[in-house]
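To start, the structure itself, in structure tokens.
Residue numbers (this note's numbering), protein chains in the order written: chain A, 4 to 90; chain B, 4 to 90.
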């Protein structure tokens, strides 16, 4: 499935969360990652982020869809990364 | 169509961008908004954010899908807002 992940981590934990997410997904903007995940990888991502986060302070949103082609992507301003070029 | 909007604005412009986005979409997490938009509203959102942003510093990503039910939403940690309850 295709995932868009957006996190909001405290400053002390954000570098660790970023490094962790990059193992599974492509970084596309400050705190935004995208990519294909299997069910098992999704569980690993959730488990890993739970172990990094302070659950009363940090938050993560993950949007999932069966296929990437079900959504369009538009961007304004600085283009920090191009998911299609990073795979 | 259903939109997920994520921005990364400089500190001086973020409050203005947030206030603007709230006119069209529901705030769901720091710098993340969701909601239904018509084609005309999407154009207004893009135009408004372009007028607020510094294009060499700030960035906006908008993910669009025809129907909200095409995607699943998962969240970890602090739940800042519940899109379904805000409509």
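Glycine included, each C-beta is placed from N, C-alpha and C at the ideal position.
{"query": "Member of B/7, B/12, B/66 and B/8 whose CA lies at the smallest distance from the CA of residue 57 of chain B", "result": "B/12"}
{"query": "CA-to-CA distance, residue 48 of chain B to residue 38 of chain B, given in whole angstroms", "result": "12 Å"}
{"query": "Strand pairing of residue 32 of chain A, partner residues [DSSP]", "result": "A/35"}
{"query": "Amino acids of chain B, ordered along the chain, whose beta-carbon sits closer than 9 Å to that of residue 49 of chain A", "result": "77 and 79"}
{"query": "Option in B/61, B/77, B/67 and B/7 with minimal Cα separation from residue 20 of chain B", "result": "B/61"}
{"query": "C-beta neighbour in chain A for residue 17 of chain B, strict 7 Å", "result": "no"}
{"query": "is_contact[residue 88 of chain B, chain A] using C-beta, thresh 7 Å", "result": "The predicted model places residue 88 of chain B with a pLDDT of 46, which falls under 50 and marks its position as unreliable; any figure quoted below should be read in that light. Judged by the 7 Å Cβ criterion, residue 88 of chain B is not in contact with chain A."}
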